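Engineer: Dumping the structure here so I can ask a few things about it.
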Amino acid sequence: MASDEEVPPPFELEHVIGLSCVTADAVQPFALDPADKNRAVWALGTSVAVNLLDDSHEQVLLTSHRHAVTTVAMASTGTIASGQVYECM
Numbered sequence: 364m365a366s367d368e369e370v371p372p373p374f375e376l377e378h379v380i381g382l383s384c385v386t387a388d389a390v391q392p393f394a395l396d397p398a399d400k401n402r403a404v405w406a407l408g409t410s411v412a413v414n415l416l417d418d419s420h421e422q423v424l425l426t427s428h429r430h431a432v433t434t435v436a437m438a439s440t441g442t443i444a445s446g447q448v449y450e451c452m
């Protein structure tokens, strides 16, 4: 790209929607915060989405899994636990 060309601004992700529970191994792909029923977590492929139910733009993606997330849970303290299936080939 020539130096005098204007570079377009990067894309910004506003929010994601979806739920991955299509595998037979999906145990609990969705959980509500016991202390705040407005906050939910769910499996989204290899990520976990943390979302406020009354504002879909208030969202965080947790992305440290290498395989499909099959289970999520939330403690009353707000701690999130997630599990993945290791696919051995």
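Here our numbering = 1-based position in the sequence shown + 363.
Glycine included, C-beta positions come from ideal geometry on N, C-alpha and C.
Computed from a predicted model, the values in this text were never measured in an experiment.
Using a 10 Å radius around the Cβ and a threshold of 16 neighbouring Cβ atoms, would you call Leu416 buried or exposed?
Structural biologist: Exposed, because fewer than 16 other Cβ atoms sit within 10 Å of the Cβ of Leu416.
Engineer: Rank Ala406, Val370, Glu368, Asn414 by C-alpha distance to the C-alpha of His430 and give the top, closest one.
Structural biologist: The candidate whose alpha carbon is nearest that of His430 is Ala406.
Engineer: Please report the residue range of the beta strand (DSSP E) in which Ile380 lies.
Structural biologist: Note, Ile380: premise wrong, no beta strand (DSSP E); not H, not E.
Engineer: Are the beta-carbon atoms belonging to Thr433 and Pro392 less than 8 Å from one another?
Structural biologist: Yes, they are a contact pair.
Engineer: Helix, strand or coil for Ala438 per DSSP?
Structural biologist: Here Ala438 sits in coil by DSSP.
Engineer: Under 7 Å from any heavy atom of the ligand ADP, does the C-beta of Thr440 make it?
Structural biologist: The ligand ADP is not among the ligands present in this structure, which contains no ligands whatsoever.
Engineer: Let me see if you follow: with CB-CB separation under 8 Å, is Glu377 close to chain C or not?
Structural biologist: Protein chains in the displayed structure number just one, and chain C is not present.
Engineer: Who are the near neighbours of Gln422 in its chain, counting only those whose CB is closer than 8 Å to its CB and skipping five residues on each side?
Structural biologist: Result list for Gln422: His378, Val379, Ala412, Val413, Asn414, Leu415, in chain order.
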